[in-house]
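**Student:** Provided herewith is a single structure, encoded as structure tokens, for subsequent inquiry.
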Amino acid sequence: MTPRIGCNELATMGQMNMLEAIRDALGTEMAADDRVILLGQDVGKFGGIFRATDGLFAKFGDKRVFDMPLAEGAIVGSALGLALSGLRPVAEIQFLGFAQQAFHQIVPQVARMRYRSRGRFAASLVIRAPFGGGVKTPELHCDAIECQFAQAQGLKVIAPSNPYDAKGMLLSAIRDPDPVLFCEPLHGYRFIKGEVPLSAYTIDTGKANVVREGSDVTLIAWSAAVDLALRAADALSTEGIRAHVLDIRSLLPLDVDGVVTATEKTGRCVIIHEASLTAGFGAEVAATISRDAFYSLQAPIERVTAPDAPYPLAAAEQMFIPGVERVVAAARRTLEVQ
Amino acid sequence: MTPRIGCNELATMGQMNMLEAIRDALGTEMAADDRVILLGQDVGKFGGIFRATDGLFAKFGDKRVFDMPLAEGAIVGSALGLALSGLRPVAEIQFLGFAQQAFHQIVPQVARMRYRSRGRFAASLVIRAPFGGGVKTPELHCDAIECQFAQAQGLKVIAPSNPYDAKGMLLSAIRDPDPVLFCEPLHGYRFIKGEVPLSAYTIDTGKANVVREGSDVTLIAWSAAVDLALRAADALSTEGIRAHVLDIRSLLPLDVDGVVTATEKTGRCVIIHEASLTAGFGAEVAATISRDAFYSLQAPIERVTAPDAPYPLAAAEQMFIPGVERVVAAARRTLEVQ
Amino acid sequence: MGNPSTPQFLYHNDPVVPLRLLEPDGTLAEGSVSPMDDEQVLRALRLMMLSRAFDAKGISLQRQGRFGTFSPVQGQEASVVGSAFALDPSRDWIVPQYRELPALLHHGLPLENFILYFNGHPAGGHIPEGVRLLPIQISLAAQLPHAVGLAWGLRLQEIDGVVLTYFGDGASSEGDFHEACNLAGVVKAPVVFFLQNNGWAISTPRSRQSAARTFAERAPGYGFDGIVVDGNDLLAVYAVTLAAVERACAGMGPTLIESQTYRLGAHNTADDPTRYVSQEALNAWSDRDPILRVQRYLSAHGCWSDRTASEFRDDISRTIDEALATARAVPPPTAEDLFEHTYAELTQRQARQLREHAL
Amino acid sequence: MGNPSTPQFLYHNDPVVPLRLLEPDGTLAEGSVSPMDDEQVLRALRLMMLSRAFDAKGISLQRQGRFGTFSPVQGQEASVVGSAFALDPSRDWIVPQYRELPALLHHGLPLENFILYFNGHPAGGHIPEGVRLLPIQISLAAQLPHAVGLAWGLRLQEIDGVVLTYFGDGASSEGDFHEACNLAGVVKAPVVFFLQNNGWAISTPRSRQSAARTFAERAPGYGFDGIVVDGNDLLAVYAVTLAAVERACAGMGPTLIESQTYRLGAHNTADDPTRYVSQEALNAWSDRDPILRVQRYLSAHGCWSDRTASEFRDDISRTIDEALATARAVPPPTAEDLFEHTYAELTQRQARQLREHAL
Ligand SMILES: Cc1ncc(C[n+]2csc(CCOP(=O)(O)OP(=O)(O)O)c2C)c(N)n1
Ligand SMILES: Cc1ncc(C[n+]2csc(CCOP(=O)(O)OP(=O)(O)O)c2C)c(N)n1
Ligand SMILES: [Mg+2]
Ligand SMILES: [Mg+2]
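If you read the protein sequences in the order shown, they are chains A, B, C and D.
Mapping to this note's numbering: the first sequence position 333 is 338, numbers consecutive.
Mapping to this note's numbering: the second sequence position 175 is 180, numbers consecutive.
Mapping to this note's numbering: the third sequence position 21 is 1080, numbers consecutive.
Mapping to this note's numbering: the fourth sequence position 44 is 1103, numbers consecutive.
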């Protein structure tokens, strides 16, 4: 669970949204470790199209922050080379949908360098990319394709849900000897806010996090869907239903024990994600439960997801994105079973 | 179930391995429809590195069969353009692992053309690619990454397990108005043989196929893993265990009803695939069952897969690929539960 | 085209000096003859002005929350319109990026479709039957192999037609550019690669995009010709594109045209270019405004007056208002719209999800 | 290098005639001076012969099922060895494709590692600490952006060193080639793109790979120089590569070298080239055998005799046999090998799977 913060720590805390927490993490680690460099499209003077790197070019200069030619494959592929030279690159891909242009560099190259070289070379780098809908972006800017990378053994795929986690997980990711795909919730960039320590801290990115305790039904999510789960938990509580909410934080590797424990708590499970149903990462979570927590299950495992279709243009997106009512309805269904 | 073949049909049948069945389908459809063209690396005079297109260049000439420059993105992307011009391209990618080079063309482009244009344009094309291990190929030639494409709504992802299906499903795929990723089992190219009608026939690619009837435990697989499931079923039968074997044939779209019916038959399920466990397509199958066939389940859903690691170099592959013993052990585990 | 302004292709020409027929002051360059007659130029000008007016309208509607994010053409009107005019909409195809509104209109796309698209209405993706246009491409450079395949397919089937594809200086850095050009050279596809070098990819300047002196110099590496043209010169763009189209029709294969122009406005309506574009650069390029240049040219011919200008303006604003009204009348998207056209038919799961959605 | 054979880079040179210093008959081209002394040439020759001998041994072992599929170097020895000799293994890096065995050996890879790799033993992937070499790359052209990043990273950290990356005519068609070259030009990375144009990509001939007259002509499109060299000429390859390395060291950025050579054998031991390579082509290129050429050159200097030849042969076969024996002595892979080095530490799932495997 996100640590409670004592009174004496408050002076060292700031109210931040996700973007600010990410920027704070980048600035903190760049100041602490001069091997850390940033590269991506428009990350320099412009500060990134979402301003995630705002001010860092001014502060750290053109030997630490690099605007790149428009080629995602080269951003990721050169980041791998930069890592091998001894630097700690943090690459930004403007939208996760465009990481597909670098798929052949991420999955069979970055993820495998350690394995291929039997440990001689580590691809210690971070690829940051926002994903998810709800902010009326153009086509392909919103696709929740995080699961397409979840078969890439050797890569870590993590997705923070709140500013506290965003900063801590990003610091952990930059220090991680293994490559990390750091998926940021586009929707939460400005909307999700919270208290964040101003100093450096890390979070064990591989551990799922109980963000709300409950005993009736377990809601499992990551990234922006955690916020949805929490809102659904609020709604359920007005009906006297206490939802247990688990933020898995990491898709790859998956904290199997964390998922099993959270499921066993209630025996009823709703998994929530922004991607379409078929072959979304909810499938892996459900499959894991259906074996490793089978005997605790009291009801079918529900998945509340986008429908099986491409992400639509903006005027239709509110129909597409899973909402509180659907989560609540699914939770109720699991409870109808005796 | 694969149709039984009557005596009077035998004259029109041939014994073929997977490769021969595929080649036969290509030749059959090229003769029947002059819009059908082939493109890929070394598919011309050379007949493809596995000889899948052997003789077709000689027969149909250099206006129907094209050796392409070494660029998977351009093979797939130009196939889309060729389809829009009115042709029916069948593109070969030498190994599914290299389809990752074309990921950005397959997933956000080919799969979406119909949707993006609101039905004005159809990407009626087939991408053929072998995958899977067991034949001591170099790195990246063996990776079972079929599930990485299974989120691409708009694309069909199908994977035949035997020569009869290979021919019929490939003919269906070429005639399909929607784009099809046709995944061929490398291991089965020469080893898996069967009777194949010499005439043209199609198979409803979206329907799962019961390849063996049984009542004790359901084995679910696709592609080369079906052969493994059948061998495991043989082994189980010596212990008096009757396995029901389902070949899902199609990952996207998934025949949910077929999976549910097959599960309900026995209430015990083992899913088998060549990919690693985490986020393999077995997860989707298990998740589907854990909701839609939940009440019939008598035991945890087992997945028998490769371990969570990259595909190893050839000398270690036999330890990596799931074998009969592991399937049998998993089936037994499901039966230990009362 | 047998006139003194026949474009010279790269092998024979200094690759760095862009071809120009019309000087910024509206006079013809020395020794040049216009490749368009005045009536054509007037029609082109109307389209350029329509584009400029639509940019202004769209930006103002967007500020009021009544229109989505879109990328204005401002500054690039000669580049887009000159190239589109060299095509025959009943024979040739356009494969666009996203910043080419007037070309799409000229080729047959109803303005209301464009409005619907940037308003995020699914119906906006539709391209009417018979209009030889692929959908707007958001994934940069991904359209280039499609253009090559389409052109090659036409050639294989002996269908007349050339494919012109638009893309930016930024998009030219993607691997798809290379793979598409190389394939086009090998199969001699009748395709025109029309690279709009507008100086920027969002905030990334041309100088950071490539160390090449010109993008056109890449063409020999694919076995065909490249040429640099003044992209703010309607006549030069038209002439160069027409020559490339004729070469393609004659079986001479692809051409890479680098149209050197300048994005006078923001990258899109979400962008704030004052963060990275200097006022000097803007001023320098504003002096080379492509619309003014054409108006000066026509004035000198006696074909442009305050009266024509105000007639044009009225006509254009009527056109835009009508399209906006038509778009506004389209009913909002439904749950069916979410699923339809994913496949030719709904899948089992989609049918079920649609039923659940309807509940 | 201030001698008359200093390579001329493309901007100043006919891009189509490859640079040659040593004629096929072993005499120096008119006006040329050798950039290597005889002792260097002898060492290079030994490596070329070792490579040729290893090809033969590997093919024969493979036929007996005692060795995996691999890609022989036969015909390309001058290209591979000449370029590798221009590097300083204690300073420079090699980023290979898969057909460069003698370069890897020269750079410090033990032959037994190479044998283990193509025998499919996981341990074969290991590169000893201190050897400046990335793993063999199976995914064509994917190594090129790595090479650029590595070179750029050295420069950023002011570490001396140049990165030379090998790739084929086939690989040059991949988007990664373009993206890597373009980035290298922008950041002026100290990298040498060494393109081995051996006429084939499996069965696909050079003519079908690109319509470009030469691949070297692509360099200006990235803002740097390209040059074509006779890839069967050890001295020319060495001279050109050394010049490129020196330019990179001097901060002048990347160079694209097209080494025109020929694959005399099969693509790999699973391939049957008689299906697509004509006997005439083979004969023509056999006359230009790179090893014979060097032997003729050394003979004329009195540095090569039947005795040296037989000493070399004995020494080489001893080297190969020892490496084979060392490789054979490595214990077979274990279940641990399946999981180890996926991540720095085993994941929960991996630990569980390993336990189950051990049962
Ligand atoms: C593959 C891909 N990467 C990144 C983006 C995000 N993006 C949208 S427009 C743009 C700049 C495009 O520059 P250019 O190609 O020069 O076209 P222009 O906007 O100048 O017309 C970027 C990086 C994208 N749409 N697609
Ligand atoms: C991305 C990718 N696509 C396809 C292949 C299959 N393949 C292996 S070698 C080869 C030909 C390579 O030709 P070239 O780059 O000229 O190198 P050469 O073998 O001639 O040394 C192909 C197509 C591959 N290894 N990687
Ligand atoms: Mg631009
Ligand atoms: Mg080659």
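We put the CB at the ideal spot given by N, CA and C, even for glycine.
Which of the residues in the stretch 1236 to 1249 of chain D, read from start to end, lie with their CB under 7 Å from any CB of chain C?
**Tutor:** Along the stretch 1236 to 1249 of chain D, the positions whose C-beta sits under 7 Å from a C-beta of chain C are F1236, H1237, E1238, N1241, G1244 and V1245, read in chain order.
**Student:** On the DSSP bridge assignment, give the partners of M118/B in chain order.
**Tutor:** DSSP output for M118/B lists no bridge partner at all.
**Student:** Any idea if D1396/D is buried or exposed, counting beta-carbon neighbours within 10 angstroms, 16 or more meaning buried?
**Tutor:** buried
**Student:** Which residues are close to ligand 3, meaning CB closer than 6 Å to any heavy atom, in chain order?
**Tutor:** Residue list for ligand 3: G1227/C, D1228/C, G1229/C, N1257/C, W1259/C and A1260/C (CB closer than 6 Å to any heavy atom, chain order).
**Student:** Quick check on T243/A: buried or exposed, where buried means 16 or more other Cβ atoms within 10 Å of its Cβ?
**Tutor:** exposed
**Student:** Let me confirm a value: G1312/D is counted as buried when at least 16 other C-beta atoms fall within 10 Å, else exposed. Which label applies?
**Tutor:** buried
**Student:** Report the residue from E1217/C, S1119/C, L1168/C and Q1412/C whose alpha carbon sits nearest the alpha carbon of A1309/C.
**Tutor:** Selected option, being the one with the closest Cα: E1217/C.
**Student:** Can you tell me whether A1343/D is buried or exposed? The criterion is at least 16 other CB atoms within 10 Å of its CB, across all chains shown.
**Tutor:** exposed
**Student:** Name the residues in the stretch 1384 to 1414 of chain D whose C-beta lies less than 7 Å from a C-beta of chain A; which are they?
**Tutor:** H1400, T1401, Y1402, A1403, T1406, Q1407 and R1408
**Student:** Label H1360/D either buried or exposed according to how many other C-beta atoms from any shown protein chain fall within 10 Å of its C-beta, with 16 as the threshold for buried.
**Tutor:** Under this definition H1360/D is an exposed residue.
**Student:** I want to check one thing, is the minimum distance from the CB of Q1255/C to the heavy atoms of ligand 1 below 7 Å?
**Tutor:** yes
**Student:** Identify the residues that DSSP records as bridge partners of W1152/C: which are they?
**Tutor:** BP columns for W1152/C point to V1222/C.
**Student:** Could you tell me which uninterrupted alpha helix (DSSP H) segments, each at least 4 residues in length, are contained entirely in the stretch 255 to 326 of chain B, listed from first to last along the chain?
**Tutor:** 261 to 271, 286 to 297 and 322 to 325
**Student:** Enumerated in chain order, which unbroken segments of the beta strand (DSSP E) with a length of 3 residues or greater are wholly contained in the stretch 1128 to 1196 of chain D?
**Tutor:** 1152 to 1154
**Student:** With distances taken Cα to Cα, identify the nearest neighbour of D252/A among V215/A, R296/A and R28/A.
**Tutor:** V215/A
**Student:** To the nearest angstrom, report how far apart H1416/D and A1394/D are at their CA atoms.
**Tutor:** 7 Å
**Student:** Which partner residues of P94/B appear in the DSSP bridge assignment?
**Tutor:** I42/B
**Student:** Where does K1116/C sit, in a helix, a strand or coil, going by DSSP?
**Tutor:** It is helical.
**Student:** So, for R195/B: in the same chain, excluding its five sequence neighbours on each side, which residues have a beta-carbon less than 6 Å away from its beta-carbon?
**Tutor:** N22
**Student:** If the cut is a Cβ gap below 8 Å, which residues of chain B does R296/A touch?
**Tutor:** A291, P305, I306, E307 and R308
**Student:** Between the beta-carbon of G1127/C and the beta-carbon of S122/B, is there less than 8 Å?
**Tutor:** Not in contact: G1127/C and S122/B (Cβ atoms no closer than 8 Å).
**Student:** Does the distance from the C-beta atom of V332/A to that of V290/A stay below 8 Å?
**Tutor:** no
**Student:** Here's the rule: buried if 16 or more other CB atoms are within 10 angstroms of the residue's CB, otherwise exposed. What is S295/A?
**Tutor:** buried
**Student:** For L1209/D, which residues in chain A fall below 8 Å Cβ to Cβ?
**Tutor:** The CB of L1209/D comes closer than 8 Å to the CB of G86, L87, L89 and S90 in chain A, given here in chain order.
**Student:** Just the chain C side, please: which residues come within less than 9 Å of L282/A by C-beta, in chain order?
**Tutor:** R1408 and Q1412
**Student:** When you compare each of A1410/C, L1203/C, S1232/C and D1380/C to A1270/C by their alpha carbons, which one comes out closest?
**Tutor:** S1232/C
**Student:** Using CA atoms only, rank isn't needed, just tell me which of Q1135/D, D1114/D, G1229/D and Y1176/D is closest to S1345/D.
**Tutor:** When each option's Cα is compared against that of S1345/D, the closest is Q1135/D.
**Student:** Indicate, with yes or no, if ligand 2 has a heavy atom lying under 7 Å from the CB of I1195/D.
**Tutor:** For ligand 2, no non-hydrogen atom lies closer than 7 Å to the CB of I1195/D.
**Student:** Would you report the Cα separation of T7/B and N1257/C, rounded to the nearest angstrom?
**Tutor:** For T7/B, the predicted model reports a pLDDT of 47, less than 50, meaning its position is unreliable and no value from the coordinates is stated.
**Student:** Can you name, in chain order, every residue of its own chain whose Cβ lies under 7 Å from the Cβ of R236/A, other than the five neighbours on each side?
**Tutor:** V329
**Student:** Taking DSSP's pairing of strands, which residues face P18/A in a bridge?
**Tutor:** Pro is not the amino acid found at residue 18/A; the sequence shown has Met there. DSSP, once it has assigned bridges, lists P202/A as partnering M18/A.
**Student:** Which same chain residues end up closer than 7 Å to A205/A when comparing Cβ atoms and leaving out the 5 residues on each side of it in sequence?
**Tutor:** T33, A37 and L176
**Student:** Per the DSSP calculation, A134/B is bridged to which residue(s)?
**Tutor:** C188/B
**Student:** Please say whether T1328/D and Q1121/D have beta carbons closer to each other than 8 Å?
**Tutor:** yes
**Student:** Starting from the Cα of V1139/C, find the closest Cα among G1227/C, R1267/C and L1175/C and give me that residue.
**Tutor:** G1227/C
**Student:** Whose Cβ in chain C lies nearer than 8 Å to the Cβ of F1000/D?
**Tutor:** Residue 1000/D is absent from the model: chain D starts at 1060 and stops at 1418.
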